[in-house]
Amino acid sequence: MSKVLAINAGSSTLKWKLFIMPEEQVVAQGMVDRLGLSDSVFTVKYGDGQKFSMTQDIKTQDVAVDLLLKKLIEFKIINEYSEISGIGHRVVAGGEDFKSSALIDEASLKRIEELSEYAPLHNPAEAGVIRAFRKILPDVPQVAVFDTSFHTTMPEENYLYSLPLEYYHKYGARKYGAHGTSHRYVSHRAAEMLGKPLEELKMITMHLGSGVSVTAIKDGKSLDTSMGFTPLAGVTMSTRSGDIDASLVAFLMEKLNIKDPAEMIDILNTKSGIYGISGLSPDMRDLEKTREERPESQLAIDIFVNRLIKYVGSYVAIMGGLDVLVITAGMGEGDILMRQRIADRLSFFGVKVDPERNNVMAQERVISADDSRVKVLLVPTNEEVMIARDVVEIGHV
């Protein structure tokens with residue numbers, strides 16, 4: 001038995017879960033919100049429903065990590081730091097360097113920092129948290145689990161852009177994808193549920209959260225995915241535009257008198273998507289409530305589904321068929337009507353959802369009808385357990 005921390009650090013958050021492995025039992029979890037800002041919020045859930053919350057300024061990642069470890073002792077979740085056998089970290093950008101999860105040493109940590117130009121909001125924060133843990137627990141193995149590594153199996157024809165090839169060789173200008181840990185988990189779990197080898201299935205996995213990505217999986221590997229050089233590309237998302245004509249970006253910058261490209265990228269990342277179309281909210285639940293009286297809400301829903309269906313259709317074409325469709329993440333797990341809409345639009349592929357089976361939220365199950373030619377599965381994602389498993393395997397804990 002070993003205790004493993006799974007860490008998901010963002011630019012202003014630090015989420016974590018403490019697992020007992022190999023039982024995969026969560027014994028505590030929590031987060032630091034507003035990290036680096038005033039009035040940071042530190043929360044812990046542990047034991048038999050115990051909860052703790054405090055608000056104070058947590059200015060740095062070193063302070064956040066120190067507070068986390070001290071609270072584990074204070075609440076007797078662990079008796080001493082030596083009980084922590086390994087630590088796993090979600091890292092957004094691994095480039096082409098990391099084709100799988102990796103044990104962290106100084107060389108790999110420096111490379112993670114160098115790859116920050118591909119994920120400027122995430123990699124620096126993740127590297128900072130790794131260094132903070134190394135200061136306090138220098139002998140505990142740490143493992144980096146990359147969002148991009150699952151997609152390194154994509155062939156050149158799918159990951160290269162139609163740009164001068166030297167841009168790829170000189171600058172790494174290519175599609176990297178994201179949400180790889182989620183797609184890896186749900187695809188393997190779906191195959192287990194169906195009792196079939198993943199390598200024998202033509203599968204599409206749909207991660208429908210605030211960020212949305214669609215992945216084609218063939219021969220057990222990522223064949224193509226909707227997100228691109230950054231998570232901005234692909235389908236319409238909560239606040240991200242998804243695919244857009246590059247010339248339109250230059251056109252809008254001129255019309256809006258925007259001089260700094262970062263300002264335009266911010267608009268595409270934070271003010272677009274269903275939020276930009278609806279003019280109301282980035283939350284699909286708000287659009288569902290208002291779609292009958294607000295045409296813009298219905299339009300945002302229609303465009304969201306339209307873009308998903310386009311990607312699914314193209315992936316069915318490049319795979320030469322479809323055996324399994326998997327839906328996951330916050331919206332996917334909680335929006336019964338959205339799952340029905342998606343299935344209805346794919347009925348010509350032989351996709352058919354059973355309304356009674358689909359009438360659940362965040363429950364792992366087959367939701368397709370018995371006569372559906374394509375199996376449709378609802379599989380709640382669990383990126384943290386994938387991180388913990390990789391720590392056990394790679395860190396030998």
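Using full-length UniProt numbering, read the sequence shown as starting at 1 and increasing by one per residue. Cβ atoms here follow ideal geometry from the backbone N, Cα and C, with glycine treated the same way.
Using a Cβ-Cβ cutoff of less than 8 Å, which residues in the same chain neighbour residue i once the five nearest sequence positions on both sides are dropped?
| i | result |
| --- | --- |
| Ala173 | Tyr161, Leu163, Tyr167, Phe229 |
So, helix, strand or coil for residue i, using DSSP?
| i | result |
| --- | --- |
| Arg240 | coil |
| His183 | helix |
| Gln298 | helix |
| Lys110 | helix |
| Phe75 | coil |
| Thr225 | strand |
| Lys70 | helix |
| residue 399 | Residue 399 lies beyond the residue range present for the chain, which begins at 1 and ends at 397; the question has no answer from this structure. |
Comparing C-alpha positions only, which one of the options sits nearest to residue i?
| i | options | result |
| --- | --- | --- |
| Leu383 | Ala107, Arg189, Asn306 | Per the sequence shown, residue 383 should be read as Glu rather than Leu. Nearest of Ala107, Arg189, Asn306 to Glu383, Cα basis: Arg189. |
| Gln363 | Gln56, Pro22, Val391, Thr328 | Thr328 |
| Ala102 | Ile130, Gly242, Ala216, Lys76 | Ile130 |
| Leu208 | Gly220, Thr236, Leu194 | Thr236 |
| Val376 | Glu356, Asp243, Ala343, His396 | Ala343 |
| Val32 | Phe75, Gln50, Leu68, Tyr159 | Leu68 |
| Asp245 | Gly350, Glu254, Ala233 | Ala233 |
| Arg90 | Trp16, Asp219, Val366, Asp302 | Trp16 |
| Ser314 | Glu126, His179, Lys175, Val214 | Val214 |
| Val374 | Lys110, Gly49, Leu346 | Leu346 |
| Ala250 | Asp260, Val41, Leu337 | Asp260 |
Would you mind sorting residue i into buried or exposed? The rule is 16 or more other CB atoms within 10 Å of its CB.
| i | result |
| --- | --- |
| Met154 | buried |
| Leu121 | exposed |
| Met54 | exposed |
| Met206 | buried |
| Thr60 | exposed |
| Pro282 | buried |
| Tyr185 | buried |
| Ala317 | exposed |
What are the partner residues of residue i, as DSSP defines its beta bridges?
| i | result |
| --- | --- |
| Gly88 | Ala6, Val143 |
| residue 478 | For the chain, the structure presents residues 1 to 397; residue 478 sits outside this window and is missing. |
| His207 | Ser213, Thr328 |
| Arg365 | Leu378 |
| Thr43 | Met31, Ser53 |
| Ile20 | Lys3, Gln25 |
| Ala102 | Ala144 |
| Val353 | Ser368 |
| Lys218 | Lys221 |
Between residue i and the rest of its own chain, which residues show a CB-CB distance below 7 Å, the 5 nearest in sequence each way excluded?
| i | result |
| --- | --- |
| Ser278 | Leu287, Glu296, Ser297, Ala300 |
| Lys352 | Ala343, Ser368, Ala369, Asp371, Ser372 |
Measuring from the CB of residue i, is there a heavy atom of the ligand FMN at a distance below 7 Å?
| i | result |
| --- | --- |
| Ala6 | In terms of ligand content, the structure shown is empty, and the ligand FMN therefore cannot be addressed. |
Short of 6 Å in beta carbon distance, which residues of its chain neighbour residue i, apart from the five on each side in sequence? Order them along the chain.
| i | result |
| --- | --- |
| Ser226 | Ser213, Val214, Gly234, Val235, Tyr311 |
Report yes or no: is there a C-beta of chain C within less than 8 Å of the C-beta of residue i?
| i | result |
| --- | --- |
| His151 | Absent from the structure is chain C; it holds one protein chain and no more. |
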